[in-house]
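Quick note: the sequence shown, position 101, residue 122 per my numbering, numbers continuous. Glycine included, each C-beta is placed from N, C-alpha and C at the ideal position. Below is one structure; the comments refer to it alone.
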Amino acid sequence: MGLWKYIAVALLAIGLSVPPSGADAKATAKQVEKAATADELIALGATKLSAAQFKQMIVGKPLSNKKQGWSWIIDANGTTSSSAADGSWKEENAPWKMKGDDYCTKNEGCRSVFLIGNLMRMSDKSDATKLSAWTVSVGK
């Protein structure tokens, strides 16, 4: 009987030491924004999204960057639209597609997508090991 007690304690300790990932991650927004590489973001608990996860968790949801003042939506019809809150720029019906698990557009190329809680980051368009400078909140 005593052995089972030790096994239960060991399993509990292992479970508590594994960081949560994806929507359950508890990293702060500042930590997520500060991460410079995909490895840093994953260490915080982010999930690199597969194409299926991207379509389920991101497509059709309002995306916003309140800090920089812009919003974005990636539609299931293969287009994306974004605009500045102050009206200084707007892009409508720009085509997008998935190539493997990467999100791709004509102007930005293909990027990996990461989700931690309701915050999304993408890899940098010029260096896939780094992250883009922006973070967006994923709405419902």
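Nearest CA to the CA of residue i: which residue from the options?
i: M78; options: A64, G138, K47, G121; result: G138
i: G130; options: L140, N98, P116, M141; result: P116
i: V134; options: A149, E112, K127; result: A149
i: A105; options: G90, F75, D122; result: G90
i: A73; options: A97, K161, V159, G160; result: A97
i: K76; options: A67, K127, D122, D107; result: D122
For residue i and residue j, which I take to be in contact (beta-carbon distance under 8 Å), what is that distance rounded to the nearest angstrom?
i: S144; j: A59; result: 6 Å
i: A50; j: L152; result: Rounded, the Cβ-Cβ distance is 14 Å, inconsistent with contact.
i: V53; j: T156; result: 6 Å
I'd like the span of the beta strand (DSSP E) that includes residue i, first residue to last.
i: D123; result: 123-126
i: S158; result: 157-159
Is it true that the CB of residue j sits closer than 8 Å to the CB of residue i?
i: S92; j: L84; result: yes
i: K120; j: R132; result: no
Where does the unbroken alpha helix (DSSP H) through residue i begin, and where does it stop?
i: A14; result: The requested residue 14 does not occur in the structure, where the chain is confined to residues 22 to 161.
Distance cutoff 8 Å, beta carbons only. Does residue i sit that close to anything in chain C?
i: W93; result: No chain C is present in this structure, which holds just one protein chain.
(request) Identify every run of the beta strand (DSSP E) within the segment 59-118, keeping only runs that are complete inside it and at least 3 residues long; order them along the chain. (result) Whole beta strand (DSSP E) segments, 3+ residues: 83-86, 91-95, 100-105.
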